[in-house]
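Using this note's numbering, read the sequence shown as starting at 271 and increasing by one per residue. Beneath this line is the structure, given in C-alpha cells, with notes to follow.
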Amino acid sequence: MLVDLVAVAFWAMLPAYVPNNAAVLAGGGAPIDGGRTMDGRRLLGDGKTWRGTAVGTLAGVLLALGLNFVAPDVGHVIGFELPVFPFAAAVGLALGAMLGDVAASFLKRRTGRERGAAFPVVDQLDFVAGALLCTALLDFGWFAETFTLPVIAVVIVLTPLLHVVTNVVAYLLGLKNEPY
Ligand code: CTP
Ligand code: MG
C-alpha cells in the first residue's frame, strides 16, 4: 500500500528532517571551520556552526526517542506497525542529516557558491544522503529492514517536496534568509 509506504518513510525520516530546522533556529556562534579557507574560499562558511550542529543533532535524537514512545499507539490507530528507532539509528539519522548538510556546504564553497546560494537537488537531498549513509554505518540491520527500496524511493520523492514547503514557510516567518 502506498499510504503505508509514505507513512513509514515519513516516520523513519522525521529524526533526519528536524535537525536542519532546529539548526536554523539555534544557529549562530562559532563557525565549525573557525574561519579557515581553502583556495581563498571558506572551508564551510559562517552558516555551519557548532551550536546549530549540536542542537540540530540533539533535537533529532530526542525526537526519535519521543517517537518510540508513541509508535505503538499511533501504529494501532493507523493499522500498521511503525518503525522503532534503536539509539544508534537515532544518532545516525540526526547526526547524518547534519553531516550531509555540512558536506554540501563544503561542496558549495568549492564550486564558488557563497553562503546562502542555492544548489538545487543538493540542497534538497544532502541530508537524506548523509542520514541514510550514517544510519547504515551505525546500525545496518535496522537500516536494511526499515529502508527497503520502495521506502527509499518514497523518501527521495517526498523529501524535496517537504523541504521546499518547510523552507518557504520558514522564509515567510522570517526565520530564514532565503526560501530554500
Ligand atoms: N545552521 C547552523 N549550523 C548548521 C546548519 C545550519 O548554525 N550545521 C544555521 C545557520 O545560522 C545557517 C542557517 O541555519 O545560516 C540556515 O542553514 P543553511 O541553509 O544550511 O545554511 P546557509 O546559511 O544557507 O549556508 P550554506 O550556503 O553553507 O548552506
Ligand atoms: Mg541555505
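Using N, Cα and C, we set each Cβ at its ideal position, and we do this for glycine too.
Strand pairing of residue i, partner residues [DSSP]
i    : result
M308 : R311
T436 : In the DSSP output, where bridge partners are listed per residue, T436 has none listed.
C-beta contact flag for residue i and residue j at 8 Å
i    : j    : result
G370 : A329 : no
L408 : A359 : yes
L313 : F376 : yes
G317 : G386 : yes
G304 : R379 : no
P289 : A364 : yes
F410 : A282 : no
C404 : G336 : no
L428 : F280 : yes
Local conformation of residue i per DSSP, three classes
i    : result
P342 : helix
P353 : coil
T319 : strand
P420 : helix
P449 : coil
P301 : strand
P390 : coil
D409 : coil
E415 : helix
L443 : coil
M283 : helix
G382 : coil
M271 : coil
Whole-angstrom distance between residue j and residue i, CA atom to CA atom
i    : j    : result
V340 : V278 : 14 Å
L295 : Y441 : 12 Å
L352 : M308 : 44 Å
G345 : L284 : 15 Å
P356 : V424 : 22 Å
V347 : N338 : 15 Å
E384 : R311 : 9 Å
L333 : I302 : 24 Å
G382 : R306 : 15 Å
T319 : A293 : 9 Å
A406 : V273 : 25 Å
F413 : V421 : 11 Å
I426 : L395 : 8 Å
Near the ligand ZN: residue i beta-carbon under 7 Å from a heavy atom
i    : result
M368 : Inclusion of the ligand ZN in the displayed structure is not the case, the ligand content consisting of the ligand CTP and the ligand MG alone.
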